[in-house]
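Structure first, then comments.
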Amino acid sequence: MLISCSVFPVCYTSLSFFLFLLPGVAFFPPRFQAAPVSLLIFRCSLISANIKIVGNLLYYRYMNPAIVAPDAFDIIEISAGGQLTTEQRRNLGSVAKMLQHAASNKMFLGDNAHLNPINEYLSSSNQKFRRFFLAACDVHSLEEKFNVDQYSDLVTVTKPVIYISIGEIINTHTLLLDHQDAIAPEHNDPIHELLEDLGEVPTVESLIGENPLPPDDPNKDLMGKTEVSLTLTNKFDVPGEANTEMDAKTLLLNTKRLIVDVIRFQPGETLTEILDSTASPEQ
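Taking full-length UniProt numbering, the leading residue of the sequence shown gets 1, the next gets one more, and so forth.
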(Lines of atoms letter the chains of each structure in order from A and count residues from 1; the text may use other names and numbers.)
(Lines give C-alpha, C1' and ligand atoms only; values in the text may rest on other atoms or scores of the structure.)
Protein backbone atom coordinates (compact mmCIF):
# COMPACT_ATOMS: atom_id res chain seq x y z
CA MET A 1 0.00 0.00 0.00
CA LEU A 2 2.84 2.38 0.87
CA ILE A 3 4.57 1.56 -2.41
CA SER A 4 1.40 2.29 -4.37
CA CYS A 5 0.97 5.61 -2.59
CA SER A 6 4.47 6.70 -3.60
CA VAL A 7 4.81 5.10 -7.06
CA PHE A 8 1.53 6.01 -8.72
CA PRO A 9 1.99 9.76 -8.11
CA VAL A 10 5.32 9.41 -9.94
CA CYS A 11 3.50 7.68 -12.81
CA TYR A 12 0.96 10.48 -12.95
CA THR A 13 3.66 13.15 -12.86
CA SER A 14 5.76 11.43 -15.53
CA LEU A 15 2.68 11.12 -17.73
CA SER A 16 2.10 14.85 -17.32
CA PHE A 17 5.69 15.49 -18.36
CA PHE A 18 5.30 13.28 -21.40
CA LEU A 19 2.03 14.89 -22.50
CA PHE A 20 3.78 18.25 -22.25
CA LEU A 21 6.69 16.96 -24.37
CA LEU A 22 4.55 15.53 -27.19
CA PRO A 23 3.90 18.82 -29.02
CA GLY A 24 7.57 19.66 -28.71
CA VAL A 25 8.52 17.42 -31.62
CA ALA A 26 7.59 20.29 -33.95
CA PHE A 27 10.26 22.44 -32.31
CA PHE A 28 13.16 20.01 -32.58
CA PRO A 29 16.09 21.64 -34.41
CA PRO A 30 16.27 20.35 -38.01
CA ARG A 31 19.89 19.34 -37.56
CA PHE A 32 18.88 17.20 -34.58
CA GLN A 33 15.98 15.54 -36.41
CA ALA A 34 18.29 14.75 -39.30
CA ALA A 35 20.35 12.43 -37.09
CA PRO A 36 17.61 9.86 -36.36
CA VAL A 37 16.45 10.03 -39.98
CA SER A 38 19.98 9.20 -41.11
CA LEU A 39 20.05 6.29 -38.66
CA LEU A 40 16.82 4.88 -40.06
CA ILE A 41 18.00 5.30 -43.65
CA PHE A 42 21.27 3.59 -42.78
CA ARG A 43 19.41 0.71 -41.13
CA CYS A 44 16.92 0.66 -44.03
CA SER A 45 13.92 -0.23 -41.88
CA LEU A 46 11.67 0.76 -38.98
CA ILE A 47 12.03 -2.41 -36.90
CA SER A 48 11.81 -2.19 -33.13
CA ALA A 49 15.57 -2.31 -32.60
CA ASN A 50 16.08 0.72 -34.82
CA ILE A 51 13.29 2.68 -33.15
CA LYS A 52 14.99 1.92 -29.84
CA ILE A 53 18.24 3.41 -31.15
CA VAL A 54 16.40 6.52 -32.29
CA GLY A 55 14.63 6.72 -28.93
CA ASN A 56 17.93 6.55 -27.07
CA LEU A 57 19.27 9.43 -29.15
CA LEU A 58 16.19 11.63 -28.91
CA TYR A 59 15.14 11.04 -25.32
CA TYR A 60 18.20 9.98 -23.36
CA ARG A 61 20.70 12.26 -25.07
CA TYR A 62 18.50 15.27 -25.77
CA MET A 63 15.48 15.43 -23.48
CA ASN A 64 16.53 13.58 -20.32
CA PRO A 65 19.30 16.04 -19.29
CA ALA A 66 16.81 18.92 -19.39
CA ILE A 67 14.39 17.02 -17.13
CA VAL A 68 17.05 16.04 -14.60
CA ALA A 69 18.70 19.47 -14.45
CA PRO A 70 16.30 22.13 -15.80
CA ASP A 71 18.26 24.87 -14.04
CA ALA A 72 21.33 24.07 -16.14
CA PHE A 73 19.40 24.77 -19.36
CA ASP A 74 17.61 27.94 -18.19
CA ILE A 75 14.25 26.16 -18.40
CA ILE A 76 13.21 27.40 -14.99
CA GLU A 77 13.95 30.71 -13.32
CA ILE A 78 16.00 30.63 -10.14
CA SER A 79 16.94 33.66 -8.12
CA ALA A 80 20.59 34.66 -7.93
CA GLY A 81 22.44 32.25 -5.70
CA GLY A 82 19.43 29.91 -5.49
CA GLN A 83 19.30 26.28 -6.52
CA LEU A 84 17.00 23.29 -6.59
CA THR A 85 16.61 21.48 -3.30
CA THR A 86 17.78 17.92 -2.81
CA GLU A 87 14.17 16.73 -2.68
CA GLN A 88 13.33 18.50 -5.94
CA ARG A 89 16.29 16.94 -7.72
CA ARG A 90 15.36 13.51 -6.36
CA ASN A 91 11.79 13.91 -7.60
CA LEU A 92 12.99 15.00 -11.05
CA GLY A 93 15.34 12.02 -11.10
CA SER A 94 12.43 9.68 -10.32
CA VAL A 95 10.34 11.17 -13.12
CA ALA A 96 13.27 10.94 -15.54
CA LYS A 97 13.87 7.30 -14.59
CA MET A 98 10.21 6.46 -15.17
CA LEU A 99 10.22 8.15 -18.58
CA GLN A 100 13.48 6.45 -19.50
CA HIS A 101 12.00 3.04 -18.71
CA ALA A 102 8.92 3.89 -20.76
CA ALA A 103 10.97 5.17 -23.70
CA SER A 104 13.13 2.03 -23.81
CA ASN A 105 10.27 -0.34 -22.90
CA LYS A 106 12.28 -1.59 -19.92
CA MET A 107 10.13 -3.32 -17.34
CA PHE A 108 10.79 -3.54 -13.58
CA LEU A 109 11.89 -7.13 -12.92
CA GLY A 110 14.19 -9.04 -10.59
CA ASP A 111 15.24 -6.89 -7.65
CA ASN A 112 12.60 -4.36 -8.67
CA ALA A 113 9.78 -6.91 -8.84
CA HIS A 114 7.90 -4.98 -6.18
CA LEU A 115 7.30 -2.33 -8.88
CA ASN A 116 5.58 -4.81 -11.23
CA PRO A 117 2.20 -3.02 -10.90
CA ILE A 118 3.49 -0.13 -13.00
CA ASN A 119 4.80 -2.31 -15.83
CA GLU A 120 1.44 -2.02 -17.58
CA TYR A 121 1.76 1.75 -17.44
CA LEU A 122 5.29 1.53 -18.88
CA SER A 123 4.12 -0.71 -21.71
CA SER A 124 1.29 1.61 -22.73
CA SER A 125 3.55 4.64 -22.45
CA ASN A 126 6.13 2.98 -24.66
CA GLN A 127 3.59 2.83 -27.51
CA LYS A 128 3.10 6.57 -27.17
CA PHE A 129 6.87 7.06 -27.18
CA ARG A 130 7.17 4.99 -30.37
CA ARG A 131 4.67 7.23 -32.13
CA PHE A 132 6.57 10.24 -30.77
CA PHE A 133 9.89 8.93 -32.15
CA LEU A 134 8.36 8.16 -35.53
CA ALA A 135 6.85 11.64 -35.68
CA ALA A 136 10.28 13.09 -34.92
CA CYS A 137 11.66 11.19 -37.92
CA ASP A 138 9.02 12.62 -40.24
CA VAL A 139 11.23 15.49 -41.31
CA HIS A 140 10.40 17.88 -44.11
CA SER A 141 13.18 18.99 -46.42
CA LEU A 142 15.01 22.13 -45.36
CA GLU A 143 13.77 23.86 -48.51
CA GLU A 144 10.18 23.16 -47.50
CA LYS A 145 10.65 23.99 -43.82
CA PHE A 146 12.31 27.34 -44.44
CA ASN A 147 10.39 28.12 -47.64
CA VAL A 148 13.48 28.52 -49.80
CA ASP A 149 14.45 27.36 -53.27
CA GLN A 150 17.34 27.76 -55.70
CA TYR A 151 16.34 31.36 -56.41
CA SER A 152 15.85 32.57 -52.85
CA ASP A 153 19.44 33.68 -52.40
CA LEU A 154 19.24 35.77 -55.56
CA VAL A 155 16.30 37.88 -54.44
CA THR A 156 17.18 38.17 -50.75
CA VAL A 157 18.28 41.69 -49.93
CA THR A 158 19.84 40.82 -46.57
CA LYS A 159 22.27 37.95 -46.64
CA PRO A 160 21.73 35.28 -43.94
CA VAL A 161 24.00 35.34 -40.90
CA ILE A 162 24.95 32.28 -38.87
CA TYR A 163 26.48 32.09 -35.40
CA ILE A 164 29.05 29.36 -34.97
CA SER A 165 31.95 28.58 -32.66
CA ILE A 166 35.56 28.28 -33.81
CA GLY A 167 35.56 24.63 -32.75
CA GLU A 168 32.47 23.91 -34.85
CA ILE A 169 34.09 25.52 -37.89
CA ILE A 170 37.14 23.29 -37.51
CA ASN A 171 35.05 20.15 -36.92
CA THR A 172 32.86 20.90 -39.95
CA HIS A 173 35.94 21.55 -42.08
CA THR A 174 37.48 18.25 -40.97
CA LEU A 175 34.31 16.25 -41.68
CA LEU A 176 33.94 17.79 -45.14
CA LEU A 177 37.51 16.90 -46.07
CA ASP A 178 37.29 13.38 -44.64
CA HIS A 179 34.01 12.58 -46.41
CA GLN A 180 34.05 14.78 -49.49
CA ASP A 181 33.85 11.79 -51.84
CA ALA A 182 30.66 10.63 -50.13
CA ILE A 183 29.21 14.16 -50.01
CA ALA A 184 30.04 15.02 -53.60
CA PRO A 185 30.79 11.88 -55.66
CA GLU A 186 30.84 13.84 -58.93
CA HIS A 187 34.26 15.27 -59.72
CA ASN A 188 32.79 18.50 -61.12
CA ASP A 189 30.68 19.22 -58.03
CA PRO A 190 31.24 22.86 -56.93
CA ILE A 191 31.92 21.74 -53.35
CA HIS A 192 35.30 20.37 -54.46
CA GLU A 193 36.31 23.83 -55.67
CA LEU A 194 35.21 25.33 -52.36
CA LEU A 195 37.21 22.78 -50.37
CA GLU A 196 40.29 23.44 -52.49
CA ASP A 197 39.96 27.14 -51.73
CA LEU A 198 39.67 26.41 -48.01
CA GLY A 199 42.80 24.29 -47.96
CA GLU A 200 43.92 22.31 -44.94
CA VAL A 201 42.09 22.27 -41.63
CA PRO A 202 43.06 25.43 -39.72
CA THR A 203 44.01 25.60 -36.07
CA VAL A 204 42.08 27.44 -33.40
CA GLU A 205 44.90 29.94 -32.99
CA SER A 206 45.11 30.73 -36.71
CA LEU A 207 41.40 31.49 -36.91
CA ILE A 208 41.46 33.76 -33.86
CA GLY A 209 44.81 35.35 -34.71
CA GLU A 210 46.71 34.17 -31.65
CA ASN A 211 50.17 32.65 -31.33
CA PRO A 212 50.30 28.83 -31.32
CA LEU A 213 49.65 27.23 -27.93
CA PRO A 214 50.83 23.87 -26.53
CA PRO A 215 48.35 21.02 -27.24
CA ASP A 216 47.57 20.60 -23.52
CA ASP A 217 46.99 24.31 -22.84
CA PRO A 218 43.52 24.70 -21.22
CA ASN A 219 43.05 28.08 -22.97
CA LYS A 220 42.89 26.23 -26.27
CA ASP A 221 39.52 24.68 -25.38
CA LEU A 222 38.21 28.06 -24.25
CA MET A 223 39.26 29.67 -27.53
CA GLY A 224 37.53 26.88 -29.44
CA LYS A 225 34.25 27.91 -27.81
CA THR A 226 34.57 31.47 -29.09
CA GLU A 227 31.47 32.29 -31.14
CA VAL A 228 31.62 34.30 -34.36
CA SER A 229 29.02 35.53 -36.82
CA LEU A 230 29.44 34.76 -40.51
CA THR A 231 27.51 36.33 -43.38
CA LEU A 232 26.75 33.69 -45.99
CA THR A 233 27.63 34.70 -49.54
CA ASN A 234 27.46 32.65 -52.71
CA LYS A 235 30.98 32.58 -54.08
CA PHE A 236 29.81 31.74 -57.58
CA ASP A 237 27.70 34.91 -57.80
CA VAL A 238 30.70 37.19 -57.23
CA PRO A 239 32.23 38.35 -60.54
CA GLY A 240 35.98 38.01 -60.78
CA GLU A 241 38.77 37.12 -63.14
CA ALA A 242 37.87 33.43 -62.99
CA ASN A 243 34.11 34.07 -63.06
CA THR A 244 33.41 36.80 -65.61
CA GLU A 245 30.17 35.34 -66.95
CA MET A 246 27.23 35.37 -64.56
CA ASP A 247 24.80 32.52 -64.54
CA ALA A 248 21.90 32.98 -66.98
CA LYS A 249 19.30 32.44 -64.27
CA THR A 250 20.94 35.06 -62.09
CA LEU A 251 21.01 37.53 -64.94
CA LEU A 252 17.33 36.91 -65.72
CA LEU A 253 16.24 37.39 -62.12
CA ASN A 254 18.32 40.54 -61.69
CA THR A 255 16.84 41.94 -64.89
CA LYS A 256 13.30 41.23 -63.70
CA ARG A 257 14.03 42.91 -60.38
CA LEU A 258 15.31 46.03 -62.13
CA ILE A 259 12.26 46.13 -64.41
CA VAL A 260 9.95 45.91 -61.41
CA ASP A 261 11.77 48.86 -59.84
CA VAL A 262 11.27 50.90 -63.03
CA ILE A 263 7.55 50.01 -63.31
CA ARG A 264 6.93 51.30 -59.80
CA PHE A 265 7.91 54.86 -60.74
CA GLN A 266 7.59 55.17 -64.52
CA PRO A 267 4.07 55.54 -65.98
CA GLY A 268 3.01 53.81 -69.20
CA GLU A 269 0.45 51.47 -70.74
CA THR A 270 2.87 48.79 -71.89
CA LEU A 271 6.30 47.59 -70.82
CA THR A 272 7.83 48.84 -74.06
CA GLU A 273 6.37 52.31 -73.51
CA ILE A 274 7.66 52.38 -69.93
CA LEU A 275 11.18 51.33 -70.92
CA ASP A 276 11.30 53.75 -73.90
CA SER A 277 10.12 56.78 -71.93
CA THR A 278 12.64 59.34 -70.70
CA ALA A 279 13.15 59.70 -66.98
CA SER A 280 12.31 63.08 -65.46
CA PRO A 281 14.88 65.02 -63.39
CA GLU A 282 13.06 64.02 -60.19
CA GLN A 283 13.23 60.32 -61.18
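Every residue gets a Cβ at the ideal spot worked out from N, C-alpha and C, and that includes glycine.
Alpha carbons only, please: which of L175, I118, L176, Y60 is nearest the one belonging to C11? With distances taken between Cα atoms, C11 lies closest to I118.
Could you tell me which whole alpha helix (DSSP H) segments of length 4 or greater appear in the segment 170-219? For the segment 170-219, whole alpha helix (DSSP H) runs of length 4 or above, ordered along the chain, are 180-183, 190-198, 204-208.
Span of the beta strand (DSSP E) around Y163: Per DSSP, the continuous beta strand (DSSP E) segment holding Y163 begins and ends at 161-165.
Identify the residues that DSSP records as bridge partners of V228: which are they? Under DSSP, V228 shares a beta bridge with I164.
Along the chain, where does the alpha helix (DSSP H) that runs through L115 open and close? It is not in any alpha helix (DSSP H) - L115 carries neither H nor E in the DSSP assignment.
Would you give the residue range spanned by the alpha helix (DSSP H) that N64 belongs to? For N64, the enclosing alpha helix (DSSP H) begins and ends at 64-68.
Collapsed DSSP secondary structure at L84 in the structure displayed: Here DSSP, grouped into helix, strand and coil, assigns L84 to coil.
With a CB to CB cut of under 6 Å and the five nearest residues on each side skipped, what residues in its chain are close to M98? Scanning its chain for C-beta atoms nearer than 6 Å, with the 5 sequence neighbours on each side dropped, one finds around M98 the residues V10, S14, in chain order.
Taking just the CA atoms, how far does A103 sit from G55? So the alpha carbons of these two residues sit roughly 7 Å apart.
From T85 to E168, what distance separates their C-alpha atoms? Here the alpha carbon of T85 sits roughly 35 Å from the alpha carbon of E168.
Specify, as a first and last residue, the run of the alpha helix (DSSP H) that D138 falls within. For D138, no alpha helix (DSSP H) segment is defined, and its DSSP state is neither H nor E.
Sequence-distant residues of the same chain with beta carbon closer than 7 Å to F129, five excluded per side: Correct list, in chain order: G55, A102, A103.
Kindly list the residues whose CB is nearer than 8 Å to the CB of L195, restricted to its own chain and excluding five residues on each side of it in sequence; keep chain order. Within the same chain, L195 has close Cβ partners L176, L177, Q180.
In whole angstroms, what separates the C-alpha of S124 from that of L58? About 19 Å.
Taking S16 as the reference, give the member of V95, I170, V201 with the closest Cα. Here the closest residue by C-alpha is V95.
Excluding sequence positions up to five away, which residues of its chain have a Cβ less than 8 Å from the Cβ of I263? Around I263: L271, I274.
Could you give the distance in angstroms between the alpha-carbon of C44 and the alpha-carbon of L253? The predicted model places C44 with a pLDDT of 48, which falls under 50 and marks its position as unreliable, so this point remains unresolved.
Alpha-carbon spacing of M107 relative to Q127, whole angstroms: Cα to Cα, M107 sits roughly 14 Å from Q127.
Where do the N-terminal and C-terminal ends of the alpha helix (DSSP H) with T278 fall, by residue? No alpha helix (DSSP H) holds T278; DSSP gives it neither H nor E.
Buried or exposed: which applies to V260, given that a residue is buried once 16 or more other Cβ atoms fall within 10 Å of its Cβ? When all chains shown are included, V260 counts as exposed.
Which class does I75 belong to by DSSP, given the choice of helix, strand or coil? Annotated three-state conformation of I75 is coil, per DSSP.
Is the segment 220-233 close to the segment 156-167, with three or more CB pairs under 8 Å? Output reads yes: the segment 156-167 touches the segment 220-233.
Contacts around K52, its chain only, beta-carbon distance under 8 Å, and the 5 residues preceding and following it disregarded: Sequence-distant partners of K52 (beyond 5 residues in either direction) whose C-beta falls short of 8 Å from its own C-beta, in its chain, are S104, N105.
Between the CA atoms of N188 and T172 - distance to the nearest angstrom: CA-CA distance, T172 to N188, rounds to 21 Å.
Within 7 Å of any Cβ in chain B, is that where the Cβ of D178 sits? Among the chains of the structure shown, chain B does not appear; only one protein chain is present.
Please classify L122 as buried or exposed, where buried requires at least 16 neighbouring CB atoms within 10 angstroms. By the 16-neighbour rule on beta-carbons within 10 angstroms, L122 is buried.
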